[in-house]
Amino acid sequence: MGKIINILPMANREDNLQEIMEALHEVKDALVEVLDQYEEEGAQEKADTLTEALDALEDAYDVINDVVMDEI
332 MGKIINILPM
342 ANREDNLQEI
352 MEALHEVKDA
362 LVEVLDQYEE
372 EGAQEKADTL
382 TEALDALEDA
392 YDVINDVVMD
402 EI
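If you count the sequence shown from 1, you need to add 331 to reach the numbering used here.
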């Protein structure tokens, strides 16, 4: 997950948003793996906190998707 999104002012906004959505999806997948590890260790407080972060990432993904799909 070493990809950096290069957002250029002249680039197509929808393409930039699509790249951001893909990056968010990768981050969500990585976070789920870490979250599972904390749950297996019984570190429930950390797991709960990471679950909130995961929910926020999912919300961000959904909002960006709505913009791309012209639903906002």
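Built from N, CA and C at the ideal position, the CB exists for glycine as well.
Candidates the options: closest to residue i by CA position
{"i": "residue 363", "options": "398, 393, 378", "result": "378"}
{"i": "residue 381", "options": "348, 361, 349", "result": "361"}
Assumed close pair residue i, residue j - CB separation to whole angstroms, cut-off 8 Å
{"i": "residue 349", "j": "residue 398", "result": "About 11 Å separates the two Cβ atoms, so there is no contact after all."}
{"i": "residue 389", "j": "residue 359", "result": "7 Å"}
{"i": "residue 366", "j": "residue 385", "result": "7 Å"}
Host alpha helix (DSSP H) of residue i (start-end)
{"i": "residue 352", "result": "344-372"}
{"i": "residue 277", "result": "Outside the shown range of the chain (332 to 403) lies residue 277, about which nothing can therefore be said."}
Cα-Cα separation, residue i to residue j
{"i": "residue 344", "j": "residue 387", "result": "22 Å"}
{"i": "residue 346", "j": "residue 391", "result": "16 Å"}
{"i": "residue 395", "j": "residue 401", "result": "10 Å"}
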